[in-house]
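Numbering (the numbering used here), first residue to last: 4 to 169.
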């Protein structure tokens, strides 16, 4: 009887160690990777939808910047429907090569979003619906000197994934 009890104790201990090791492995495998900003390359594209010239920023130098011929006009008088129509026109007015890259989910595109919060929100959701992914975004912010600065872009897809796994 004592021998059976000793064997069962050893089996129980071994199973406990195996289960603990498997749990540790699964925990380490599922944890979020270190968040890294997407690297900008020579093919990166900045789409300026603010309606204003971009503030100077060192990370923008050497990148292709596309701006509409005339500032985006957002129809806010007809509620969400008018705003959605404005955003649809905005995407359709992009050059064909830019549309293809954007709608293909190209992560080398940074969109400088408009300051109108409802338009920015719907633009992000529209792009997610069309492309299945969120591109990199940035927006001008007022600096300590009172002028506007353009912070480095953030990949909202990476940010979403990082926060989803917390």
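The C-beta atom is built at its ideal place from N, Cα and C for all residues, glycine as well.
- By alpha-carbon distance to residue 46, the top candidate from 61, 55, 65 is 65.
- Residue pairing of residue 140 in beta bridges, as defined by DSSP: 114, 157.
- When only Cα atoms are considered, residue 150 and residue 121 end up about 23 Å apart.
- Under DSSP, the beta-bridge partners assigned to residue 50 are 69, 114.
- Between residue 93 and residue 75, the alpha-carbon positions lie close to 7 Å from each other.
- Approximately 6 Å separates the beta-carbon atoms of residue 157 and residue 139; this is inside 8 Å, confirming the contact.
- The Cβ atoms of residue 133 and residue 48 do not sit closer than 9 Å to each other.
- For a cut-off of 8 Å, the C-beta gap from residue 163 to residue 124 is around 15 Å, too long to register as a contact.
- Collapsing the DSSP output to three states places residue 30 in a helix.
- Taking the CA atoms as reference points, residue 8 sits about 10 Å from residue 14.
- Excluding residues up to 5 positions away in sequence, 85, 86, 88, 89 lie with their Cβ nearer than 8 Å to the Cβ of residue 78 in the same chain.
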